[in-house]
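Protein chains in written order, with the numbering used here: chain A, 1 to 260; chain B, 1 to 243.
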Amino acid sequence: MLKAVSAPTQQRFKLGRVGWSLISLLALVALWEIAALIARSRYLPGPWAVVEVMIREAEAGELWTNIAATLIRVAFSFVIAMFIGSAIGLALGKFKGADLFFDSWLIFFLNLPALVIIVLCYIWFGLTEVAAITAVAVNKIPNVAVTMREGARNLSKDLEEMACVYRFGRWKTLRHVTLPQLAPFFAASARSGLALVWKIVLVVEAFGRSNGVGHQLNIAFQLFDVPMILAYALAFVIVVQIIEMAIVQPLLARANIWRR
Amino acid sequence: MAPLTQPLSIRIDKKSFPAVGGREQHLVLKGIAFDVEPGSFVVITGPSGCGKSTMLNIIAGLDEDYEGAIDFGVDGNPRVAYVFQTPRLLPWRTVYENVALVLPDGDSRIANIPELLQRVGLSSEAAAYPEMISLGMQRRVALARAFVLEPEFLLMDEPFVSLDDPTAQALRELLVALCSRRPTTVLFVTHDRAESVMLATRILRLSEGSASIAQDVAVPLSVADRSSRAKVLAEQHRIFGDG
């Protein structure tokens, strides 16, 4: 009896990951529509109204130029933050003295509010692109440094000795022994870093730039133009999601191929 | 490259570990001095924790914080391979890559890898990653990695520990076969007495505590003798005084 029951369950139709995501997203949109219908307010437009604004903005070209401006800032500050943050983190993980000395600095910068860094950068460097990118990068560097420091502390002594006995040399050791061990830490800080950079870039743009998604949101806020706010937010989320799925996840999957 | 031409001299007057985290400074090795004849298979045995691995690390040049000298004489800086207690493979590189990586770039010995992998029975695992194969297989990869170098001097630290008997025995036979292909000088650490008699041409027993050499005996068994269980047992009894 039991066998007869268990056999067909294996044949059962399985909904894939994509299927489940689609269903859950549709549910979210439906919930939004219902909420909009109940509220009947110009401050809570339904999904369709928002999509209309999005299409209008896209046709005017505004949407793309602003998103492109934001993406370029994200790219620059992300690369700079990852580079400098990794260098600091590796140095701290490797040299105990430096770690003892700079640890309190790191804690200070970790807890410094993003807003303070942004405002100070604009005051000190003017309302310039350099100030904007610096502000975002400085916000992100301490997080990267902390994660990479953990990675550097966790480097395997066993593998280092193996590389030493077999005379790998500097370059080979770096490429085949050290960097692969740091890769998960790098991936973790890149992922959380990207999420943080997306958000801070918008604030920086709202404060002191004349283009970008953040600037556009600021204008819409002053006009209380909720459909516009949601249209940009949605477009932005979609772009970020595409980057995540098309670039970040395939890279991670490739890097993890050796794992059991 | 040519095999070692003269005995290498190992002298460790004193090796101690500094006090760390509540543990007092302690002396691990003292007054160790012996020569290793070229082509000999020297087994170092002794109670666990007596400093065998520390000694190998010093000889391998991984630990330079000791008093004494390791002198390879005219052979200078011989090609050393080290098979560790754990396989120590790079998990993010395939079996083949793990073996190939110990060769300098553009080295012709890379052509020997397929044959070597076949010799250790891993032909079909060449493209597998270490975490996807068994521990016994990983140990065989570590053996292949050591032998692809055609080492003049081979260090082994309990390379077959935590394997079941038949697997360990098969690997020992493989080791003997690989060593016989070209003159190789081996320093092999184990606490397995039967294993030491089966493999060694000479056994060094370390004493307990701050270890020094307690006994230094030759093992005059022929290759055929070594596969005879009775002869190995008799020899084991002669050396260790047990059965």
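Glycine residues also receive a C-beta, built at the ideal position from the N, C-alpha and C atoms.
### Query
chain B partners of A:Leu159, CB-CB under 8 Å?
Arg88, Leu90
### Query
Going straight from the alpha carbon of A:Gly126 to that of A:Leu251, what length do you get?
37 Å
### Task
Determine the contact status of B:Pro38 and B:Pro7, defining contact as a CB-CB distance below 8 Å.
yes
### Message
Within a Cβ cutoff of 6 Å, which residues of the same chain sit near B:Ile70, ignoring the five residues on either side of it in sequence?
### Response
Excluding the 5 residues flanking it on each side, B:Ile70 has same chain C-beta neighbours closer than 6 Å at Ile10, Ile59, in chain order.
### Message
Measuring only the C-alpha atoms, how far is A:Val53 from A:Ala132?
### Response
A:Val53 and A:Ala132 have their alpha carbons spaced roughly 28 Å apart.
### Message
Strictly by DSSP, which residues pair up with B:Thr190?
### Response
B:Thr45
### Task
Please work out which residues of its chain come closer than 7 Å, Cβ to Cβ, to B:Ile203, disregarding the five sequence neighbours upstream and downstream, and give them in chain order.
Only Val43, Thr45, Ser196, Val217, Val219, Ile239 meet the Cβ criterion.
### Task
Count the other C-beta atoms from every protein chain shown that fall within 10 angstroms of the C-beta of B:Gly22, then say buried if there are 16 or more, exposed otherwise.
Answer is exposed; the Cβ neighbour count stays below 16.
#### Entry: Any 3 or more C-beta pairs closer than 8 Å across the stretch 96-108 of chain B and the stretch 185-196 of chain A
no
#### Entry: Where A:Ser192 sits in the DSSP three-state scheme
helix
### Which listed residue (B:Asp157, B:Leu155, B:Glu64, B:Met198) has its alpha carbon closest to that of B:Ala224
Among B:Asp157, B:Leu155, B:Glu64, B:Met198, the Cα nearest to that of B:Ala224 belongs to B:Met198.
### Query
Along chain B, which residues have their Cβ under 7 Å away from the Cβ of A:Trp258?
Pro91, Trp92, Tyr129, Glu131
### Task
Return the first residue and the last residue of the beta strand (DSSP E) that B:Asp13 is part of.
B:Asp13 -> beta strand (DSSP E) spans 8-17.
### Query
Are A:Val201 and A:Gly214 touching if we call contact CB-CB under 8 Å?
In this structure, A:Val201 places its C-beta atom within 8 Å of the C-beta atom of A:Gly214.
### Message
For chain A, check one thing: does any of its Cβ atoms lie closer than 8 Å to the Cβ of B:Tyr66?
### Response
no
### Query
So B:Arg153 packs on B:Val80, CB below 8 Å; how close in whole Å?
Before going on, a small fix: residue 153 of chain B reads as Phe here, not Arg. Contact holds; Cβ gap of about 5 Å.
### Task
Quick one: residues in its chain with C-beta nearer than 8 Å to the C-beta of B:Gln25, no 5 flanking neighbours on either side, listed in chain order?
Excluding sequence neighbours, B:Gln25 sits near Ser16, Phe17, Pro18, Ala19.
### Task
Ignore the nearest five residues each way along the sequence and tell me which others in A:Ala91's own chain have a CB closer than 7 Å to its CB.
Ala98
### Query
B:Leu233 to B:Asp192, Cα distance in whole Å?
A direct Cα-Cα distance of roughly 12 Å separates B:Leu233 from B:Asp192.
### Message
Determine whether the beta carbon atoms of A:Asn211 and A:Asn66 lie at a separation below 8 Å.
### Response
yes
### B:Thr94 vs B:Ala126 beta-carbon contact at 8 Å
yes
### Query
Are the C-beta atoms of A:Pro180 and some chain B residue less than 8 Å apart?
yes
### Task
Give, in chain order, every unbroken run of the alpha helix (DSSP H) that is at least 4 residues long and sits entirely within the stretch 8-54 of chain A.
17-39
### Message
Give me the chain B residues within the contact set of A:Tyr166, using Cβ-Cβ distance strictly less than 7 Å, ordered along the chain.
### Response
Val102
### Query
Should A:Ile38 go down as buried or exposed, given a rule of 16 or more other Cβ atoms within 10 Å for buried?
exposed
### Message
So, with DSSP's three-state summary, where would you put B:Phe240?
### Response
helix
### Query
Which same chain residues, not among the five before or five after A:Pro47, have their C-beta less than 8 Å away from its C-beta?
Within the same chain, Val29, Trp32, Glu33, Ala36 come within 8 Å of A:Pro47 by CB-CB distance, once the 5 residues on both sides are set aside.
### Query
Would you report the Cα separation of B:Asp107 and A:Val136, rounded to the nearest angstrom?
48 Å
### Query
Listing by chain order, which chain A residues have their CB less than 9 Å from the CB of B:Phe84?
Asp158, Glu161, Met162, Val165
### Residues of its chain near A:Phe109, where Cβ-Cβ distance is below 8 Å and the 5 sequence neighbours each way are ignored
Val138, Ile141, Pro142
### Task
Go through the stretch 64-127 of chain B residue by residue and report every complete run of the beta strand (DSSP E) that reaches 3 residues or more, in order.
Within the stretch 64-127 of chain B, the complete beta strand (DSSP E) runs of at least 3 residues are 67-71, 80-83.
### Message
Counting only Cβ-Cβ distances shorter than 8 Å, please list the residues of the stretch 30-64 of chain B near chain A, keeping chain order.
### Response
Asn57, Ala60, Gly61, Leu62
### Message
At the level of alpha carbons, what is the spacing between B:Ser189 and B:Ser53?
### Response
Contrary to the premise, residue 189 of chain B reads as Val rather than Ser in this sequence. The straight-line gap from Cα to Cα measures roughly 7 Å.
### Query
What does a CB cutoff of less than 6 Å around A:Thr297 pick up in its chain, not counting 5 residues either side in sequence?
The requested residue 297 of chain A is not part of the displayed model; chain A covers only 1 to 260.
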